[in-house]
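Protein chains in written order, with the numbering used here: chain G, 1 to 255; chain P, 256 to 510. The beta-carbon is built from N, C-alpha and C at its ideal position, and this holds for glycine as well.
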């Protein structure tokens, strides 16, 4: 069997610890190519760069060639990686390992998830992997999980336009209770702006916020993670609210 | 009845022609507040600004106060408008009128649609309105459509976490064939990169692409617009692929 070709990227930037672990873990099952943002691009959502030129530079880590850095977003990296860096389409795209959870409503802001979305739009199976801590330095268990799910995706494939969004609780492996299939929750950030005055007496605002858990069912991504379970959610990009189509047809919208 | 409060924004920037038409059209049914990006923010997807401070400046158009400009993304404008500029939550958020279509897979890159998404996440009914031309200067019919749908939303409300994504063909009003409820299509851009060399002999890339129509059913957004019909798609942000949950549960994911 041909060795699978795996493209990896992230939104924390090519020098982040999570992508190094991902590289090491996935090297065990495939030929891994790294194409990742040169600098951190968190919360960029599905931004793409259309008004500026993109550049690619080769980057070393641990004294040896590691991958390609792009002055763009995670979605740019996937597009450019597939079209200009790899000779053939990869068999799998994996984004991560992100520092911080990508669950519930917050996945629409996620650069990590959008990179995987870009891949499935281009017809390539993909997953996003996140460690649910903003400070942890131990990505080893998340790397094992990435390996295991990558192996299964390469074996089974994924439905059209569907990616797997994986969130790994940031606890020691022996404290992990389960690995479960979940649905996307409704949790979001309760946001506020911190209003300040700069040294020139001009007003500015910082976005701040705290996470709100708005679900109770144990099969929801946020709850799984809270109960120390690895959460795997199949995500797709048909955003149509089918349940509402009939009702909407009754509205008085014509002249 | 209390006059409805309507927040409007866009991704083409506060000085774009489309938002001026939207302002005029919606002023007929409500008190309109404009909070929009200072400069164009197209293709930013659902980006939010977390690493830079946001500033607000008051902007005039036609010699009179028009609205508030923000050095951020469309989603930032909605957050900041609701939390720091308006005293009370608005009754409706409308984003547009965008120059260019926001249909099919491409809506996930859309700053216009993401602004409306931000509103519905915050619990406020919303719609995004786009004119399907990149060059037109006549937003008058799209303004009428925005007015009519806004009136219906204010009357009926919208389901939780659902917005209306409206695309208006760029043809004279008498050539419009219908106003129909649609679902999101699968069309996307066939992308390519234009590889160039700069004056310092360094390589750079421009993203280019052409739209691909991948649907045939007349009830799809792309097709409606092609047939000179106004397309109204109800969009929501539960991205779970429910059809795939059962199958995924059969995978061998546990140690």
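If you check the CB distance, residue 74(G) and residue 95(G) come in under 8 Å. Under DSSP, residue 119(G) takes part in no beta bridge, so it has no partner. With fewer than 16 other Cβ atoms inside 10 Å of its own Cβ, residue 433(P) counts as exposed.
Closest by C-alpha distance to residue 91(G), out of 133(G), 32(G), 100(G) and 115(G), is 32(G).
The Cβ-Cβ distance between residue 106(G) and residue 130(G) does not fall below 8 Å. A contact between stretches requires three or more CB pairs, one per stretch, nearer than 8 Å, and the stretch 203-222 of chain G meets this requirement with the stretch 306-320 of chain P.
Shown here, residue 413(P) sits in coil according to DSSP, grouped into three states, outside any helix or strand. Residue pairing by DSSP puts residue 188(G) in a beta bridge opposite 212(G). For residue 96(G), the uninterrupted beta strand (DSSP E) segment begins and ends at 92-99. For residue 469(P), the nearest beta carbon of chain G is not closer than 8 Å to its own beta carbon. With contacts defined as CB atoms closer than 8 Å, residue 341(P) and residue 382(P) fail to qualify as a contacting pair. With a beta-carbon spacing of about 14 Å, residue 69(G) and residue 78(G) fall beyond the 8 Å limit used to define contacts. With a beta-carbon spacing of about 17 Å, residue 232(G) and residue 171(G) fall beyond the 8 Å limit used to define contacts. Taking 7 Å as the Cβ-Cβ cut-off, the stretch 422-441 of chain P approaches chain G at 434, 436, 438 and 439, given in chain order. With respect to the C-alpha of residue 470(P), the residue from 464(P), 481(P) and 463(P) having the closest C-alpha is 481(P). Here residue 220(G) is not near residue 196(G), since their CB atoms are 8 Å or more apart. Residue 23(G) places its beta carbon 8 Å or farther from that of residue 39(G). Looking at 36(G), 6(G) and 27(G), the one whose alpha-carbon comes closest to that of residue 15(G) is 36(G).
The contact set of residue 297(P) on chain G, defined by CB atoms closer than 9 Å, consists of 50 and 51 in chain order. For residue 217(G), same chain residues with a beta-carbon under 7 Å away, outside a window of 5 residues either side, are 223 in chain order.
Taking a C-beta distance under 8 Å as the contact criterion, residue 207(G) and residue 303(P) qualify as a contact pair. In the three-state DSSP reduction, residue 367(P) falls in the helix class (H, G or I).
Residue 233(G) sits in a strand when the DSSP states are folded into three classes.
In the three-state scheme derived from DSSP, where H, G and I count as helix and E and B as strand, residue 171(G) is classed as coil. Secondary structure at residue 268(P): coil, using DSSP grouped into helix, strand and coil. Residue burial annotation: residue 141(G) is buried, with at least 16 other C-beta atoms found within 10 angstroms of its C-beta.
In the three-state scheme derived from DSSP, where H, G and I count as helix and E and B as strand, residue 178(G) is classed as strand. Closer than 8 Å to the CB of residue 414(P) there is at least one CB belonging to chain G. Residue 235(G) sits close to residue 495(P), with the two beta carbons spaced by under 8 Å. Counting only Cβ-Cβ distances below 7 Å, residue 244(G) has contacts in chain P at 414, 417 and 489, in chain order. Under the DSSP assignment, residue 323(P) falls in the beta strand (DSSP E) whose first and last residues are 319-325. For residue 165(G), the secondary structure class from DSSP, reduced to helix, strand or coil, is strand.
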